[in-house]
Amino acid sequence: MIALMLALGSSLAYGCADFLGGLGARKAHVLRTVMIAAPASLAVELLLWPFLGASFSAGALGWGAASGIASAAAFALLYRTLAIGPMNVLSPVTALVSATLPVAVGLLQGELLGAAGLVGLPLALVAVILVSAGHGAGSARPSRTALLSAFGAGGAIALQLVFLHQAPSDTGVAPLIIGRAVSSAVILAAAGLMYRRLGSERPAYAMSTAAGVLDSMANLLFLLASRSGDLTVVAVITALYPAGTVLLARGVLAERIRRGQLVGLGTAAVAVSLLALA
545 MIALMLALGS SLAYGCADFL GGLGARKAHV LRTVMIAAPA SLAVELLLWP FLGASFSAGA
605 LGWGAASGIA SAAAFALLYR TLAIGPMNVL SPVTALVSAT LPVAVGLLQG ELLGAAGLVG
665 LPLALVAVIL VSAGHGAGSA RPSRTALLSA FGAGGAIALQ LVFLHQAPSD TGVAPLIIGR
725 AVSSAVILAA AGLMYRRLGS ERPAYAMSTA AGVLDSMANL LFLLASRSGD LTVVAVITAL
785 YPAGTVLLAR GVLAERIRRG QLVGLGTAAV AVSLLALA
């Protein structure tokens, strides 16, 4: 139950972070947004260090660095995807891709589910599919470029989660600190190389910073959830984050929510209840 609640918190934080990051990336080049979000995320994790502790063992350094590289790609691809839009279609696509790999890794590592879990897990995957299904007549059709970016972002997110899960459980927030330091360095280096192509638009500082802070909290909650529960369950619950993005896109941007997406949100609630019983 603790792992489930942590995963739900992670999902909510990721959804809000993605919405703010995607919105910020519409105002300036995506790298300008990520240049603010990634260091802001690192600052939060450094502030958490005295309270949660950190052990910089070889495992924490290696898996943290790997997660950082994947995180840098995820940041750029995801915010670029959401900037192109429509958010209410592309965000769930990334979630579906990001859930598949961690589930496969968890099952290959021998994780087992009870009867309720065997029903709840596939039902949660169905919920992600329903939330991402189609785009009726009143919704914008995503471009091929946007869909490819969404698949790439989902793959990068999946690798980041798997790498964080592999880090030793007694290392505190060290994997997060190393990961975000590496991702910040990669992003700043890329921005330096592409400086002339970033344009002159001023980034949305407040939204970008808030996105980085929320992303940091989401990573922390996922790490704690994966240490206290099965990766197969935690990853799928975390992958429900498009619910937050979709609802915010509806409320703030007036993007249409299809009937199938509403059914998906209801299905997600049933799946979470079953996984809680598991």
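Following my numbering, the numbering of the sequence shown begins with 545 at its first residue and continues without gaps. For each residue, glycine too, the CB sits at the ideal point set by N, CA and C. Source: prediction; values computed, not measured.
Residue i vs residue j beta-carbon contact at 8 angstroms
i           : j           : result
residue 616 : residue 808 : no
residue 695 : residue 641 : yes
residue 603 : residue 712 : yes
residue 667 : residue 818 : yes
residue 619 : residue 727 : yes
residue 739 : residue 580 : no
residue 572 : residue 743 : yes
residue 815 : residue 568 : no
residue 608 : residue 733 : no
residue 669 : residue 643 : yes
residue 596 : residue 716 : yes
Rounded separation between residue i and residue j - CA only
i           : j           : result
residue 762 : residue 720 : 11 angstroms
residue 562 : residue 547 : 22 angstroms
residue 678 : residue 756 : Low local confidence applies: a pLDDT of 48 at residue 678 is under 50, so the model's placement there is unreliable, and no value is given.
residue 558 : residue 781 : 12 angstroms
residue 758 : residue 585 : 8 angstroms
residue 593 : residue 724 : 13 angstroms
residue 779 : residue 802 : 25 angstroms
residue 681 : residue 691 : Model confidence at residue 681 stands at a pLDDT of 40, short of 50, so the residue's coordinates are unreliable; what they give is reported in the following sentence. Rounded to whole angstroms, residue 681 to residue 691 spans 18 angstroms at the Cα level.
residue 811 : residue 634 : 19 angstroms
residue 774 : residue 795 : 34 angstroms
residue 693 : residue 637 : 10 angstroms
residue 578 : residue 751 : 11 angstroms
residue 610 : residue 705 : 10 angstroms
residue 554 : residue 736 : 31 angstroms
residue 793 : residue 639 : 16 angstroms
residue 769 : residue 588 : 19 angstroms
residue 710 : residue 549 : 21 angstroms
residue 591 : residue 722 : 14 angstroms
residue 765 : residue 745 : 34 angstroms
residue 653 : residue 662 : 17 angstroms
residue 760 : residue 767 : 11 angstroms
Selection from the options that minimises the alpha carbon distance to residue i
i           : options               : result
residue 628 : 566, 644, 639 and 704 : 566
residue 583 : 601, 730 and 687      : 730
residue 658 : 776, 572, 698 and 556 : 776
residue 714 : 753, 772, 703 and 778 : 772
residue 699 : 556, 716, 806 and 647 : 647
residue 556 : 788, 796 and 609      : 788
residue 650 : 697, 744, 702 and 638 : 702
residue 798 : 804, 805 and 790      : 790
residue 783 : 653, 575, 630 and 645 : 645
residue 753 : 545, 551 and 560      : 560
residue 576 : 551, 624 and 596      : 624
residue 674 : 786, 614 and 767      : 786
residue 689 : 630, 656 and 747      : 630
Enclosing alpha helix (DSSP H) for residue i [first to last residue]
i           : result
residue 710 : 688-710
residue 780 : 775-782
residue 751 : 749-772
residue 549 : 546-568
residue 656 : First-last for residue 656: undefined, no H or E at that position.
residue 728 : 718-737
residue 743 : From DSSP, residue 743 is part of no alpha helix (DSSP H); its letter is neither H nor E.
The ligand NAP heavy atom lying under 7 angstroms from the CB of residue i
i           : result
residue 653 : Within the structure as shown, the ligand NAP is missing, as the structure has no ligands at all.
For this session: Report the residue ranges of all alpha helix (DSSP H) runs contained in full by the region 583-632; include only those spanning at least 4 residues, in chain order.
Result: 602-628
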